[in-house]
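Participant: All the letters of the sequence shown, read from the start, carry residue numbers 4 to 223 under the working numbering.
Here's a structure for you.
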Amino acid sequence: MASRRRARQGLADVPLLDAAEVDQLAARGWLALPGVLTGPAAQQLGRRCAEALADKGDDLRVGDKSASGTRRLVELRDRVPEVADVLADPRLTAAVATVVGDGASYGDATFRSPQPGYGEQRFHADDVPRFDDGPFRVVTAIVALCDFTVDNGATAVVPGSHRRPDLQRSSGSLEAHDDEVVLTGPAGTAFVFNGHLLHRGTRNRSSAPRPAIQATWRRP
Ligand SMILES: O=C(O)CCC(=O)C(=O)O
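Encoded structure:
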């Protein structure tokens, strides 16, 4: 939980997430955690994932896309093992636990890299629509492996939509929303959001790919 202490790692006894961060994740449904990787380390990992995608040979798995407008490499923890260390970041893990509790199980981790001109999606959630007040079942993190800008295909979210049955009904069909926010930040930022929050990849209108790691965790 957010109340986990760094003392576990021999560090000073300060909370991993402050109250404002916990509140933002609960109410608006997302939180940016800058510095999960340094900028150069994030860019290096982006190159490493792109190479693993290019060099995978016959190891083609369901969901891989090597040549399409949005490139994808699934089962990333298995194929680029250093990704597991990134996803074990203590602040990221604390944010995950805030949404789905301790002991959440990993879903897949995927490298997703929309090429210039590609990447636009409809708003969707990462679970079936949520119409009740029961526990949240899934949480998603997108780790930016380049700077995320308003132009290069950064993720957009509709704040608060994880608590809105009217918007949950629109999952998969909504192309845009007046209240949508594009999640921008430097390479190495982890954007953590409630998996029921409506989100979408936007079109990459830059001249370079927009590499990121996308991972999910499910309530046990
Ligand atoms: O990469 C992104 O910005 C969002 C991707 C996404 O939500 C998805 O592929 O389901």
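Every residue, glycine too, gets a C-beta built ideally from N, C-alpha and C.
In chain order, what are the residue ranges of uninterrupted beta strand (DSSP E) at least 3 long that sit wholly in the region 81–119?
Facilitator: For the region 81–119, whole beta strand (DSSP E) runs of length 3 or above, ordered along the chain, are 108–117.
Participant: For the region 162–173 against the region 108–118, do three or more pairs of beta-carbon atoms, one drawn from each stretch, fall closer than 8 angstroms, so that the two count as touching?
Facilitator: In short, these stretches do not touch, since the Cβ pair count stays below three.
Participant: Do you know how far the Cα of L95 is from the Cα of D105?
Facilitator: Cα to Cα, D105 sits roughly 13 angstroms from L95.
Participant: I'd like to confirm the pairing. Which residues does DSSP put opposite R75 in its beta bridges?
Facilitator: According to DSSP, R75 bridges with K68 and R115.
Participant: What does a CB cutoff of less than 6 angstroms around R133 pick up in its chain, not counting 5 residues either side in sequence?
Facilitator: These residues qualify, in order along the chain: Q171 and H199.
Participant: Can you give me the C-alpha to C-alpha distance between G66 and V77, rounded to a whole angstrom?
Facilitator: Cα-Cα distance, rounded: 6 angstroms.
Participant: Are the beta-carbon atoms belonging to V185 and V161 less than 9 angstroms from one another?
Facilitator: Against a cut-off of 9 angstroms, the Cβ pair of V161 and V185 comes out as no contact.
Participant: Of all the options F139, R82, A147 and R51, which has the alpha carbon lying nearest to the alpha carbon of W220?
Facilitator: When only C-alpha atoms are compared, the closest one is F139.
Participant: If you follow the alpha helix (DSSP H) that G49 is part of, which residue opens it and which one closes it?
Facilitator: Here the alpha helix (DSSP H) through G49 covers G42 to A57.
Participant: Flag this pair as touching only if the region 175–194 and the region 41–57 have three or more C-beta atom pairs under 8 angstroms; answer yes or no.
Facilitator: As far as the Cβ criterion goes, the region 175–194 touches the region 41–57, which means the pair count is three or higher.
Participant: Do three or more CB pairs link the region 29–40 to the region 54–63 at distances below 8 angstroms?
Facilitator: Taking 8 angstroms as the limit for Cβ pairs, the verdict is that the region 54–63 does not touch the region 29–40.
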